[in-house]
Each structure stands twice: as structure tokens, then as C-alpha cells.
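Novice: Per the working numbering, numbering through the sequence shown is continuous, rising by one, with the last residue being 511. Here a beta-carbon is modelled for each residue, glycine too, at the ideal position from N, C-alpha and C. Given the structure is predicted, the values throughout are model-derived calculations rather than measurements.
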Amino acid sequence: MVSREYEKLRPQLQRFCGCDMCRGDVVVYALNRLSPHYVSTRQGEVLTELSLDTDQERARLDVVLLEAFRKVSLAPRCGALPAQLM
Ligand SMILES: [Zn+2]
């Protein structure tokens, strides 16, 4: 779901590098700041379940993702020039 939101927001941030490394950094940054939702099944598997059923939850994910875009863009590890996105 973080990846899906990434793809949604990415086109709005034209100065963002968007290479694989920067994309990965944004997704990892966002995931580390979202509270995990783990559920275990009767088979002993552990699944992650992030409910985005409400506008409020989706809005929170977008806020975290935009912060990630901003942070990564200011110091891209891939060697691209730092950019101020917003
Ligand atoms: Zn990059």
C-alpha cells in the first residue's frame, strides 16, 4: 500500500529523482514511521495488515510519505543533486 501511494504521489513531485535507490529510501523511511499492523493466522503465518479504509488513515500515510520524499530529496544517496521539493 505504501508503494501504491508512492506511485500516486510521485508524479506530483517532478523534481524528485525517482531512481530505484531513492524510491527504496522513501518507501523504507515511510514504513519505519508507520505503526505496523501484524496479524497471525491459525497456520502460524504472520501477515501485515495496514488498514486504509478511512480517509483519515490514507491522509496520515500521505503525510508520512511526503515527509519521506522531502528528506530523501534533500540528500539523495544516488548522487543526484539535492532538491527542495516543497
Ligand atoms: Zn535517485
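#1: Under three-state DSSP, which class holds A455?
#2: Where do the ends of the alpha helix (DSSP H) carrying F494 lie?
#3: Along the chain, where does the alpha helix (DSSP H) that runs through L434 open and close?
#4: Would you tell me roughly how many angstroms separate the C-alpha atoms of Q437 and C447, rounded to the nearest one?
#5: Determine the closest residue to L459 out of C503, P507, A493 and E432, with distance taken between C-alpha atoms.
#6: Quick one: residues in its chain with C-beta nearer than 6 Å to the C-beta of A508, no 5 flanking neighbours on either side, listed in chain order?
#7: On the three-state DSSP scale, how would you describe Q387?
#8: Just confirm the distance between the C-beta atoms of L491 and L434, as a whole number of angstroms; I'd bet it's less than 8 Å.
#9: Examine ligand 1 and report whether any of its heavy atoms sits within less than 7 Å of the Cβ of P436.
Specialist: If we stick to the structure as given:
#1: Taking the sequence shown and counting its residues from 1, the one referred to as residue 455 is at position 30. Three-state result, A455: helix.
#2: Your numbering for residue 494 matches position 69 in the sequence shown. It spans D480 to L499 - the alpha helix (DSSP H) in which F494 sits, taken as one unbroken run.
#3: Here the question's residue 434 lines up with position 9 in the sequence shown. Note, L434: alpha helix (DSSP H), V427 to L434.
#4: By one-based count along the sequence shown, residue 437 stands at place 12. By one-based count along the sequence shown, residue 447 stands at place 22. Their Cα atoms are separated by approximately 16 Å.
#5: Translated into the one-based positions of the sequence shown, residue 459 becomes position 34. Comparing Cα-Cα distances from L459 to each of C503, P507, A493 and E432, the minimum goes to A493.
#6: Looking up residue 508 in the sequence shown gives position 83. Cβ contact annotation for A508 (same chain, cutoff 6 Å, sequence separation greater than five): R440 and S498, in chain order.
#7: Since the first and last residues shown for the chain are 426 and 511, residue 387 lies out of range.
#8: Position 66 of the sequence shown, counted from the start, is the residue given in the question as residue 491. Position 9 of the sequence shown, counted from the start, is the residue given in the question as residue 434. Sure, about 7 Å apart at Cβ, within 8 Å.
#9: Here residue 436 corresponds to residue number 11 of the sequence shown, with the count starting at 1. No, since every heavy atom of ligand 1 falls outside the 7 Å radius drawn around the Cβ of P436.
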